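Enquirer: I have a structure I would like to understand better, so I am pasting it below and will then ask my questions one at a time.
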Amino acid sequence: MKEARYIFPEDYMADPSAHVYNGKVYIYPSHDWDSGTSDNDNGDQYNMKDYHCLSIEDLENGTCKDEGVILRLEDVPWAKKQLWDSDVVEKDGKYYLCFCAKDYNEVFHLGIAIADRPEGPFKAEPAPIIGSYSIDPCLFKDDDGSIYVYFGGIWGGQLQRYRDNIALEDPHLPNFDDPALPARVAKMSDDMLQFAEEPKPVVIYNEEGELKHCNPHRFFEASWMTKKDGKYYFIYSTGDSHLLCYAEGDNPYGPFKYKGELLQPVIGWTTHACVTEYKGKWYLFHHDCGPSKGVSALRSLKVKEIEL
Ligand code: FUB
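Just so it is clear: in the sequence shown, position 130 is 133 by our numbering, and no numbers are missing.
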């Protein structure tokens with residue numbers, strides 16, 4: 004198995020979501036920059052203000068082409084700051100970017116922006132998805148054409164502020180021995196602008212039952228869903244234990260059985276990845292802070308082939 008290699012040395016990019024359109028791999032990353040904000044557990048240092056689209060054809064040796072800026076913070080009417088992780092799906096010839104940002108009350112929501120081409124530019128909807136909260140959306144299109152959004156992240160991602168899709172008056176994490184806070188999944192409406200249903204918990208279990216909050220393999224953020232041979236693979240970051248893990252299910256809602264670690268801790272605090280098939284091989288796209296020598300808000304994209 005080859006080592007992961009850097010694929011976009013020109014700039015700092017993170018949180019890759021990779022899809023194949025028109026025979027090429029398109030990557031939708033977060034765009035890191037040095038905003039001068041100091042590091043804290045709330046993630047204020049991730050102060051991103053635009054999204055780019057990258058493309059690449061040779062995943063063995065090539066580097067990405069920058070297709071340019073596809074959406075800017077100032078073009079999202081409801082968003083104040085922090086354009087974090089995003090993802091794109093194609094439906095009926097249109098491309099839908101689902102992203103997250105803080106509104107003017109400093110609350111994270113998910114938003115939609117639409118383009119005619121994978122390279123954008125994308126035009127943002129005037130308001131966030133109704134009932135959306137937290138961060139890190141992943142859009143998954145199933146074989147029957149249904150599109151699901153997975154989302155959520157604890158700590159700075161604010162998932163601990165909600166239970167059963169309702170905002171708590173006293174946000175709190177679970178006790179160590181209680182079940183972990185799960186990611187959420189909802190089917191998207193036909194027009195891709197709203198949830199078609201109440202978001203449901205993405206439950207992950209092992210031999211002892213639902214993963215507990217203290218388990219180093221429990222969900223923290225960075226949901227990704229992919230499907231192989233009829234099985235659904237939920238891939239996620241464990242945050243403060245710095246692992247990338249995966250779990251297997253029989254349908255998009257789960258429950259999912261914990262299967263193992265896909266990535267050991269990398270240089271830098273965050274671990275965030277996607278797994279995408281291209282030309283019959285499976286690739287893991289992720290980031291680390293090697294080129295910035297460990298500056299946690301300046302991350303660089305990498306790829307490596309994996310067995311899924
Ligand atoms: O890029 C900002 C945040 O860092 C993402 O939303 C998280 O998944 C983590 O990678």
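Glycine included, C-beta positions come from ideal geometry on N, C-alpha and C. Treat the numbers as computed from the prediction; the structure is a model and nothing was measured.
Just verifying my parser: in three-state terms, what is the DSSP assignment at R8?
Expert: R8: strand per DSSP, three-state reduction.
Enquirer: How far does the beta strand (DSSP E) with H34 in it extend, from its first residue to its last?
Expert: Note, H34: beta strand (DSSP E), K27 to H34.
Enquirer: So what's R3 in DSSP terms, helix, strand or just coil?
Expert: No answer is possible for residue 3: it lies beyond the span of the chain, which begins at 4 and ends at 311.
Enquirer: Note down the Cα distance separating V79 from Q85, rounded to an integer number of angstroms.
Expert: Roughly 12 Å separates the two Cα atoms.
Enquirer: Taking 9 Å as the threshold (C-beta atoms), are H112 and Y136 in contact?
Expert: It is a contact, given that the beta carbons lie within the stated cut-off.
Enquirer: With C-beta atoms as the reference, is A17 less than 9 Å away from S303?
Expert: In contact: A17 and S303 (Cβ atoms closer than 9 Å).
Enquirer: Buried or exposed: where does S192 fall if 16 or more other Cβ atoms within 10 Å of its Cβ makes it buried?
Expert: Counting Cβ neighbours within 10 Å, S192 comes out exposed, since fewer than 16 surround it.
Enquirer: Using only the alpha-carbon positions, how far apart do K83 and C103 sit?
Expert: Looking at the two C-alpha atoms, the distance is approximately 11 Å.
Enquirer: With DSSP collapsed to three states, give me the class of W285.
Expert: Strand at W285.
Enquirer: Closest by CA to Q161, which one among H220, L311 and L184?
Expert: Considering only alpha carbons, the answer is L184.
Enquirer: In the structure shown, what three-state DSSP assignment does S244 receive?
Expert: Reduced to three states, the DSSP call for S244 is helix.
Enquirer: Using 8 Å as the cut-off, classify the Cβ of M228 as near or not near the heavy atoms of the ligand FUB, replying yes or no.
Expert: Checking the Cβ of M228 against the ligand FUB gives no.
Enquirer: Apart from the five residues on each side of it in sequence, which residues of its chain come closer than 6 Å, Cβ to Cβ, to F179?
Expert: Counting only Cβ-Cβ distances below 6 Å, and skipping sequence neighbours, we find H216 and C217.
Enquirer: Tell me whether E122 is buried or exposed, calling it buried when 16 or more other Cβ atoms sit within 10 Å of its Cβ.
Expert: With 16 or more other Cβ atoms within 10 Å, it is buried.
Enquirer: Taking only the alpha-carbon atoms, compute the straight-line gap between D1 and E211 and give it to the nearest angstrom.
Expert: Not covered by the structure: residue 1. The range shown for the chain is 4 to 311.
Enquirer: State yes or no: is the C-beta of W87 nearer than 8 Å to some heavy atom of the ligand FUB?
Expert: Yes, the beta carbon of W87 sits closer than 8 Å to at least one heavy atom of the ligand FUB.
Enquirer: Locate the beta strand (DSSP E) running through V298, then write down its first and last residues.
Expert: Careful: V298 lies outside any beta strand (DSSP E) and carries neither H nor E.
Enquirer: Measuring straight from C-alpha to C-alpha, what distance separates P174 and R164?
Expert: Cα to Cα, P174 sits roughly 4 Å from R164.
Enquirer: Note down the Cα distance separating E264 from A225, rounded to an integer number of angstroms.
Expert: Rounded to whole angstroms, E264 to A225 spans 14 Å at the Cα level.
Enquirer: For G159, name the three-state secondary structure that DSSP assigns.
Expert: Residue state, collapsed to three classes: helix.
Enquirer: Measuring CA to CA, which of R8, M195 and G46 is closest to N64?
Expert: Selected option, being the one with the closest Cα: R8.
Enquirer: Taking all protein chains shown into account, decide if Q48 is buried (16 or more other Cβ within 10 angstroms of its Cβ) or exposed.
Expert: Burial call: buried.
Enquirer: For K203, which residues does DSSP report across the bridge?
Expert: K203 pairs with V188.
Enquirer: Which stretch, first to last residue, makes up the beta strand (DSSP E) that contains P121?
Expert: Looking at the DSSP string, P121 is not in any beta strand (DSSP E), and its letter there is neither H nor E.
Enquirer: From the DSSP output, which residues share a beta bridge with K105?
Expert: Per DSSP, K84 and F111.
Enquirer: Closer than 8 Å: is that where the CB of T241 sits relative to any heavy atom of the ligand FUB?
Expert: Outside the cutoff, so no.
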